[in-house]
Amino acid sequence: PEDSDDFGEFRMRVSDLVKDVIFLVGSMECFSQLYSTLKEGNPWEVTEAVLFIMAAIAKSVDPENNPTLSEVLQQVVLLRENVHVAVRFNRIEMVGEMREVVERKKRLM
Numbered sequence: 001p002e003d004s005d006d007f008g009e010f011r012m013r014v015s016d017l018v019k020d021v022i023f024l025v026g027s028m029e030c031f032s033q034l035y036s037t038l039k040e041g042n043p044w045e046v047t048e049a050v051l052f053i054m055a056a057i058a059k060s061v062d063p064e065n066n067p068t069l070s071e072v073l074q075q076v077v078l079l080r081e082n083v084h085v086a087v088r089f090n091r092i093e094m095v096g097e098m099r100e101v102v103e104r105k106k107r108l109m
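The opening residue of the sequence shown carries number 1 in this note's numbering; numbering runs sequentially from there.
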């Protein structure tokens with residue numbers, strides 16, 4: 001985000017805050033709660049926010065202790081194509097952030 005982009009700055013601060021919270025709460029607990037919310041079929045604004053936060057914590061997820069990782073990725077990839085562009089963007093961001101997690105999981109198999 002540009003320096004003049006207040007929303008971009010806000011999102012960067014939220015991302016940093018989420019990373020601090022998962023240090024205290026645990027990435028798996030947060031990820032599981034977010035995934036539960038994602039499955040509920042909420043309005044696009046909620047789905048977009050959930051995907052944004054999931055992308056922020058994706059690198060902290062331990063693939064060894066995450067039996068639902070494949071299910072989460074499948075659910076995200078299978079989101080409807082006619083969703084808001086912000087949801088599509090954050091879906092791509094989340095899958096990209098989970099690239100390292102997926103690679104680690106492949107090595108464990």
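Quick reminder that beta carbons are idealized off the backbone N, C-alpha and C, glycines included. On a predicted model such as this, the values are computed, not experimentally measured, just so you know.
Cβ shell of residue i (< 8 Å), same chain only, five flanking positions each side left out
i	result
W44	V83, H84, A86 and V87
L108	Any reading at L108 must be qualified, since the residue scores a pLDDT of 49, below 50, and its modelled position is unreliable; the value itself is stated next. So the list reads P63 and E64, once near-sequence residues are dropped.
Q75	Y35, L38 and K39
Proximal residues to residue i (C-beta, below 7 Å), its chain only, five neighbours per side dropped
i	result
N90	E48, L51, F52 and A55
Three-state class that DSSP yields for residue i in the structure shown
i	result
G96	helix
E9	helix
L79	coil
T68	coil
N90	helix
V61	coil
E40	coil
Nearest neighbour of residue i, chosen from the options [CA to CA]
i	options	result
E100	V61, V76, Q74 and E81	V61
C30	G8, E93, D6 and K59	K59
V42	R80, D5, E97 and V95	It should be noted that the sequence gives Asn, not Val, for residue 42. Of the listed residues, the one whose Cα sits closest to N42 is R80.
V72	S32, F7 and G26	S32
Contacting residues, own chain, Cβ-Cβ under 6 Å from residue i (five flanking each side not counted)
i	result
E38	Sequence check: residue 38 is Leu here, not Glu. The answer, listed in chain order, is V50.
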